[in-house]
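K.L.:
Numbering (my numbering), first residue to last: 144 to 308.
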Amino acid sequence: MNQAKSHLRGELAIIPTVARVVAVLAFVIMQICLLGLLPHYERDIPPMPFMVLISVGGGIIVAIIILLIGYVNADAKRRDMNALLWTLLVIFVPKALGFLAYFLLRKPLLLPCPQCGTPVRADYAYCQKCGQGLRPFCCHCGRAISDDFVCCPYCGKPLGAAVTP
Ligand SMILES: [Zn+2]
Ligand SMILES: [Zn+2]
144 MNQAKSHLRG
154 ELAIIPTVAR
164 VVAVLAFVIM
174 QICLLGLLPH
184 YERDIPPMPF
194 MVLISVGGGI
204 IVAIIILLIG
214 YVNADAKRRD
224 MNALLWTLLV
234 IFVPKALGFL
244 AYFLLRKPLL
254 LPCPQCGTPV
264 RADYAYCQKC
274 GQGLRPFCCH
284 CGRAISDDFV
294 CCPYCGKPLG
304 AAVTP
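1. What's the gap between the Cα of residue 235 and the Cα of residue 214?
2. Looking at the strands, I want to know which residues DSSP matches up with residue 254.
3. In whole angstroms, give me the CA-to-CA distance for residue 306 and residue 230.
4. Nearest CA to the CA of residue 257: which residue from 288, 274, 286?
5. Got a sec: does ligand 1 put a non-hydrogen atom nearer than 6 Å to the Cβ of residue 259?
6. How should residue 245 be labelled, buried or exposed, when 16 other C-beta atoms within 10 angstroms of its C-beta is the threshold for buried?
7. Report, in whole angstroms, the separation of the C-beta atoms of residue 252 and residue 286, which I expect to be a contact under 8 Å.
8. Under the DSSP definition of a beta bridge, which residues are partnered with residue 294?
9. My assumption, with CB atoms under 8 Å, is that residue 210 sits in contact with residue 163. Please give the rounded CB distance.
10. Just jot down, in chain order, the residues whose CB lies closer than 6 Å to any heavy atom of ligand 2.
11. Sorry if obvious, but does the Cβ on residue 272 come closer than 6 Å to a heavy atom of ligand 1?
12. Output the boundary residues of the alpha helix (DSSP H) element that contains residue 268.
In structure tokens form, the structure reads like this:
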């Protein structure tokens with residue numbers, strides 16, 4: 144439970160400052176327009192308690208959408224995906240389908256190479272910069288295997304001499 148909480152906090156921390164500022168501004172501007180200005184120009188509006196509900200609720204929804212857009216932008220970058228393209232997609236594809244597509248299709252997170260620190264895709268067997276092996280592999284056929292395999296599932300040879308990077 145605690146781990147899930149700190150994971151969520153870590154994920155929220157990647158939201159760019161610009162998105163946070165825009166979200167707060169959008170919320171404030173909405174309150175000023177709906178609660179401050181609208182009653183002066185429009186006589187035919189719902190009673191004040193309803194207006195507050197609509198204004199605050201709508202403002203929170205708009206702010207969350209802006210934060211989500213910021214999250215997708217930052218998340219796409221750290222997964223080596225086209226951040227600009229995905230940001231535009233989640234903004235312009237209606238009914239949150241852009242968000243849905245993003246979370247279904249996003250690539251695995253990049254992990255730092257233990258040797259040189261370059262961000263490397265999680266499914267790579269070697270670092271693309273320094274060639275460091277990132278996971279154990281079969282010394283007969285070179286394919287990635289798990290630590291606990293006794294025989295290679297690809298070539299069938301025993302892994303007594305499995306090479307661990
Ligand atoms: Zn490396
Ligand atoms: Zn093998």
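Using N, Cα and C, we set each Cβ at its ideal position, and we do this for glycine too.
P.N.:
On the basis of the supplied data:
1. Rounded to whole angstroms, residue 235 to residue 214 spans 16 Å at the Cα level.
2. Looking at the DSSP assignment, residue 254 forms a beta bridge with 263.
3. Low per-residue confidence applies at residue 306: pLDDT is 49, beneath 50, and the placement is therefore not dependable, though the value from the model is reported in the following sentence. About 41 Å.
4. Distance check between residue 257 and each of 288, 274, 286 places 274 closest, using alpha-carbon atoms only.
5. At least one heavy atom of ligand 1 lies closer than 6 Å to the C-beta of residue 259.
6. Counting Cβ neighbours within 10 Å, residue 245 comes out buried, since at least 16 surround it.
7. Contact doesn't hold; Cβ gap of about 22 Å is too wide.
8. Residue pairing by DSSP places residue 294 opposite 301 in a beta bridge.
9. Their Cβ separation, rounded to whole angstroms, is 7 Å, which keeps residue 210 and residue 163 in contact under 8 Å.
10. Residues close to ligand 2 by the beta carbon criterion (under 6 Å to any non-hydrogen atom) are, from first to last along the chain, 281, 283, 284, 286, 295, 297, 298, 300.
11. Residue 272 Cβ: within cutoff of ligand 1.
12. For residue 268, there is no enclosing alpha helix (DSSP H), as DSSP marks it with neither H nor E.
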